[in-house]
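Colleague: Before I ask anything, let me first share the structure, which is written out below as structure tokens.
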Amino acid sequence: AQSVTQLDSHVSVSEGTPVLLRCNYSSSYSPSLFWYVQHPNKGLQLLLKYTSAATLVKGINGFEAEFKKSETSFHLTKPSAHMSDAAEYFCVVSRPNTGFQKLVFGTGTRLLVSP
Amino acid sequence: DTAVSQTPKYLVTQMGNDKSIKCEQNLGHDTMYWYKQDSKKFLKIMFSYNNKELIINETVPNRFSPKSPDKAHLNLHINSLELGDSAVYFCASSQVGRAGTAPTGELFFGEGSRLTVL
Numbered sequence: 003a004q005s006v007t008q009l010d011s012h013v014s015v016s017e018g019t020p021v022l023l024r025c026n027y028s029s030s031y032s033p034s035l036f037w038y039v040q041h042p043n044k045g046l047q048l049l050l051k052y053t054s055a056a057t058l059v060k061g062i063n064g065f066e067a068e069f070k071k072s073e074t075s076f077h078l079t080k081p082s083a084h085m086s087d088a089a090e091y092f093c094v095v096s097r098p099n100t101g102f103q104k105l106v107f108g109t110g111t112r113l114l115v116s117p
Numbered sequence: 081d082t083a084v085s086q087t088p089k090y091l092v093t094q095m096g097n098d099k100s101i102k103c104e105q106n107l108g109h110d111t112m113y114w115y116k117q118d119s120k121k122f123l124k125i126m127f128s129y130n131n132k133e134l135i136i137n138e139t140v141p142n143r144f145s146p147k148s149p150d151k152a153h154l155n156l157h158i159n160s161l162e163l164g165d166s167a168v169y170f171c172a173s174s175q176v177g178r179a180g181t182a183p184t185g186e187l188f189f190g191e192g193s194r195l196t197v198l
């Protein structure tokens, strides 16, 4: 069975400061891991994904995440927050090389960005 | 040009009624999904169809019946609505990887249909 735990339900930062959203995973297999973002009243959009290639993954809008097998973590970071980053972020795990996407979502972290 | 579109965006109805939500994707994907997002933002898969064939059917009451007339459409019909059905329902699509390759893992989501049952 696979699961992800997002350690913070809310994270508040000031504009221009670094962002860290934490995610730990549990998987019987080498997992595929993703971060999705959901802006208010919108659908989810893929930020980045890890699928057993490079452990440091770069995504859209300046976000990146590092896969650390020893820590079973896949934390999302950004050097400098922008007001438009305020949204809900979901860490997601799936079993790799499965033909059909059965993604397991974390409970989400709301990122609040203040001026 | 909206890639995954759902209608209606908002739906308010009484307990016991039957309602449908429609979804269409113009991405040429062969797999479509319905996800339910509850009031705490938790997302859980309900159904998945690949080329009109049901491939994932999670533990969902049989009051929920998906229907895929073709691979670009996946509709969700709900009978005898209950208060607990109030949620945001998201349609999504993806391209399954060709045989021997890993799928991309990216789902393309619609903007959601907010169902409120009174």
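Chains as they are written, first to last, in my numbering: chain A, 3 to 117; chain B, 81 to 198.
Even for Gly, the Cβ is constructed at its ideal location relative to N, Cα and C.
Against THR116 of chain B, what residues of chain A qualify as contacts under a CB-to-CB distance less than 8 angstroms, listed in chain order?
Modeller: Strictly speaking, residue 116 of chain B in this sequence is Lys, with Thr absent from that position. Simply none; closest approach about 11 angstroms.
Colleague: Rounded to the nearest angstrom, what separates PRO141 of chain B and GLN40 of chain A at their Cα positions?
Modeller: Their backbone Cα atoms lie some 27 angstroms apart in a straight line.
Colleague: Relative to the alpha-carbon of ALA56 of chain A, which residue among A:ASP10, A:GLY110, A:GLY45 and A:GLU68 has its alpha-carbon at the smallest distance?
Modeller: The option with the nearest alpha carbon to ALA56 of chain A is A:GLU68.
Colleague: Taking all protein chains shown into account, do 16 or more other C-beta atoms lie within 10 angstroms of the C-beta of TYR91 of chain A, making it buried, or fewer, making it exposed?
Modeller: Result: buried.
Colleague: Kindly list, in the order they appear in chain A, the residues whose Cβ is closer than 7 angstroms to that of GLY190 of chain B.
Modeller: In chain order: GLY45.
Colleague: For LEU163 of chain B, I'd like the list of residues in its chain whose CB is within less than 7 angstroms of its CB, leaving aside the five on either flank, ordered along the chain.
Modeller: Closer than 7 angstroms at the Cβ level, and outside the excluded window around LEU163 of chain B, lie MET95 and VAL197.
Colleague: Hey, TYR169 of chain B and LEU156 of chain B: beta-carbon distance below 8 angstroms or not?
Modeller: Cβ distance < 8 angstroms, so TYR169 of chain B and LEU156 of chain B count as in contact.
Colleague: Would the beta-carbon of LYS102 of chain B fall within 8 angstroms of that of ALA167 of chain B?
Modeller: No. Outside cutoff.
Colleague: For LEU187 of chain B and ARG194 of chain B, I'd like the C-alpha separation in whole angstroms.
Modeller: Whole-angstrom Cα-Cα distance: 20 angstroms.
Colleague: Relative to the C-alpha of ASN137 of chain B, which residue among B:PHE127, B:GLU191, B:ALA83 and B:ARG143 is closest?
Modeller: That would be B:PHE127, whose Cα lies nearest to the Cα of ASN137 of chain B.
Colleague: Give the residues of chain A in contact with LEU107 of chain B, contact being defined as C-beta atoms less than 8 angstroms apart.
Modeller: Here the premise fails: no neighbours, minimum Cβ distance about 13 angstroms.
Colleague: Considering only residues of the same chain and omitting the five flanking positions on each side of GLU73 of chain A, which have a CB-CB separation below 6 angstroms?
Modeller: Hits under 6 angstroms: none found.
Colleague: Leaving out five residues before and five after TYR129 of chain B in sequence, what residues of the same chain have Cβ atoms less than 6 angstroms from its Cβ?
Modeller: Around TYR129 of chain B: MET112, SER148 and LEU154.
Colleague: Could you tell me whether the Cβ atoms of LYS80 of chain A and PHE65 of chain A are closer together than 8 angstroms?
Modeller: Yes. Within cutoff.
Colleague: Report the neighbours of GLU90 of chain A on chain C: residues whose CB is nearer than 9 angstroms to its CB, in chain order.
Modeller: The structure shown contains no chain C; the protein chains it does contain are A and B.
Colleague: Along the beta strand (DSSP E) that carries GLU66 of chain A, what are the first and last residues, could you check?
Modeller: First-last of the beta strand (DSSP E) with GLU66 of chain A: 66 to 70.
Colleague: By the three-class DSSP mapping on this structure, what secondary structure does ASN26 of chain A have?
Modeller: Three-state result, ASN26 of chain A: strand.
Colleague: Considering just the uninterrupted stretch of the beta strand (DSSP E) at GLN105 of chain B, what are its terminal residues?
Modeller: First-last of the beta strand (DSSP E) with GLN105 of chain B: 99 to 105.
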